[in-house]
Every structure is written in C-alpha cells, then in structure tokens.
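In the working numbering, the protein residues as written are 772 to 1042.
A virtual CB, placed ideally from N, CA and C, is assigned to each residue, including glycine.
Heads up: the structure comes next, in structure tokens.
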Amino acid sequence: MTDPGSLALAALWLPFVAFVLLAVIPQLRRTGRPAGWVSVIAIAASLAAAIWLWGRLDHAIELTWEWIPQAGGALASVGLYVDRLSASMLVLVTLVAFLVQLYSLGYMAGESGPSLGRYYTYHSLFAFSMMGLVLSNNFLQMFIFWELVGLCSYLLIGFWYQKPEAARAAVKAFWVTKFGDLGFIIGIVLLWRETGTFAFTELFHLADAEVAPVAGIGLIMFLIYLGAVGKSAQFPLHVWLPDAMEGPTPVSALIHAATMVAAGVYLVTRT
C-alpha cells in the first residue's frame, strides 16, 4: 500500500468513504460533531497519503481501466494520472480541505446536529470531487468530476437555503459556471473527433510528435479554456464569485483557495 498508485487511490477514496457513510447512515449524519469528525479524520488520512505520495513520486504513473467498450478497443477509460503537478495539487487540495473542515467544527458549532452532519456530507463529496478532477487521466473523466465540483459548490453556497440570498447565490454560481462548462464539453468532443482519444498521455504524445490537428485547434482549446473561465471566475464569468460569500465563511475559503477557482488554474496548467 506504499506504492504511488495505492497512495493515490487511498487519498482519493477516503473522503468518498466518509461521504457514503454520512449519506447512507442517517443516525450518524444527525449526530453533528461525531459526523464532522468522521469527515475530518478521513480528509486527514487523505492528506497524509497525499504527502507520502508527493515524497515518494519520482516519475509519472498512470493507472487505467476500460470503461466504455466498443469494437476495436475501449471508447473511453477511467484511471489516475499522477505526476509532480497533480501530486502537488493533491497536497494543496487535501491540506486546505483539512484545515477548513477542522476549523468548521468550531465555526459551525451553533448548527443543529442534522444541519452540521449535512454540511460535512457535502464537504466530503466536495473533497472527493476535487481530488478526482486533479487525478483524472483523461478529459472525459475530468469533466465528470468538474461537474461534481460544480454541484457541491451549489450545495455548499446554498447551505443556508432558508435565506433567499443564499438560494439565489447558489443558483447563480451553478448556471454561470455551466455556461463555461458548455464550451468545455464542446471542446472536448471536438478534440476527440480530431484525435480519437480523450487520454492526456496520448494527446501529449501527439503534440510532442507535432501530429496534432492544426486546423481548428485554436478554437478547440479556446472552448476548453471557457471551462476555466467559469470555474476561476474570470471576466465575463466572474459575477458568481462575490455572491458565493452567502455560504458559510469556511465554504468561501474552500471554494476560493482549493476547489472551483483553483480547478480552472489546474486545467490551464495541465493542458
């Protein structure tokens, strides 16, 4: 369990296990602080695995499993791609998520048990989604986690949904970022049409060999970049970010420092 691939899988799945426990066991979720500690312990263990991975990684690794079969080979796969970039980003995400979750135990102490448990359920799913985005080895898988991050942001920004301002802010963040995501998915599909693959390593090899399609590549990458424009709150899709402060303050710190905003930066750096 100490090889880089196992450490990456452990870092990814620990928050998801916490999410599943809190989501499917109402008695645990409604306990409040004990539910919070389940999430905090899971993300702390994930942080430890991420740091261990970052220290042991000496070359890029890729784990791949076939997902959508077709004649002549899989149309798409799922897997992990771990290099120095994704390992560093994994440490950043888990560190900020851990600090935010730990701080929230005190900041959200006034919430009822069920409300606090719901808060940490969303947090665990958010951490899993962001780490899945960082570790994705292809565009299609990245887009799935990209949308999960957007969903969790909607849930957390609108956590106090009884307030009309919070509910409106959550909907605004969801739909403004979806406009950028529309360009992202169109760009991914066009890139697959031209190259026949979603995988990062294959696309990097095509680029290195200078056989990537020239016609339309500027438009394709601009469309993909629109996804980053929405997530990183760049002009003109920046209007959702001030409203995101309607969520609990720790949520704002998480969104601004390690999740939605950083996701756009990571996409640009990866590509």
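Next on the checklist: For S810 and L896, I'd like the C-alpha separation in whole angstroms.
Outcome noted: One C-alpha to the other measures close to 10 angstroms.
Checklist entry - Under 7 angstroms, do P1021 and V871 count as touching if we go by C-beta distance? => result yes
Next on the checklist: Taking the beta carbon of G987 as the centre, do at least 16 other beta carbons fall within 10 Å, making it buried, or is it exposed?
Outcome noted: exposed
Next on the checklist: Here's the rule I'm using: 16 or more other beta-carbon atoms within 10 Å means buried, otherwise exposed. How should H1088 be labelled?
Outcome noted: Any property of residue 1088 remains undetermined from this structure, which presents the chain solely from 772 to 1042.
Item to check | Residue from Y874, G958 and E981 whose Cα sits closest to the Cα of A999 | outcome: G958
Next on the checklist: Quick check: the Cα distance between A970 and H1009, rounded to an integer number of angstroms?
Outcome noted: 30 angstroms
Checklist entry - Could you give the C-beta distance for I956 and A944, rounded to a whole number, given that I count them as a contact under 8 angstroms? => result Incorrect: roughly 18 angstroms between the Cβ atoms, too far for contact.
Next on the checklist: If the criterion is Cβ atoms closer than 7 angstroms, does the pair G884 and L834 meet it?
Outcome noted: no
Next on the checklist: I believe V867 touches A1034 by the beta-carbon criterion, under 8 angstroms. Please report the beta-carbon distance rounded to the nearest angstrom.
Outcome noted: The Cβ separation is near 13 angstroms, so there is no contact.
Checklist entry - Per DSSP, which one or two residues make a beta bridge with Y852? => result E833
Checklist entry - Closest by CA to S1003, which one among L799, L906 and D952? => result D952
Item to check | Per-residue burial, G1001 [other beta carbons within 10 Å of its own, 16 or more giving buried] | outcome: buried
Next on the checklist: Distance check for M901 and D1019, CA to CA, integer angstroms please.
Outcome noted: The displayed chain sequence assigns Pro, not Asp, to residue 1019. Cα to Cα, the separation comes out at about 19 angstroms.
Item to check | Three-state secondary structure assigned by DSSP to L1008 | outcome: Note: L1008 maps to coil in three-state DSSP.
Next on the checklist: Are the CB atoms of L799 and A806 within a distance shorter than 7 angstroms?
Outcome noted: yes
Checklist entry - For A845, which of helix, strand or coil comes out of DSSP? => result strand
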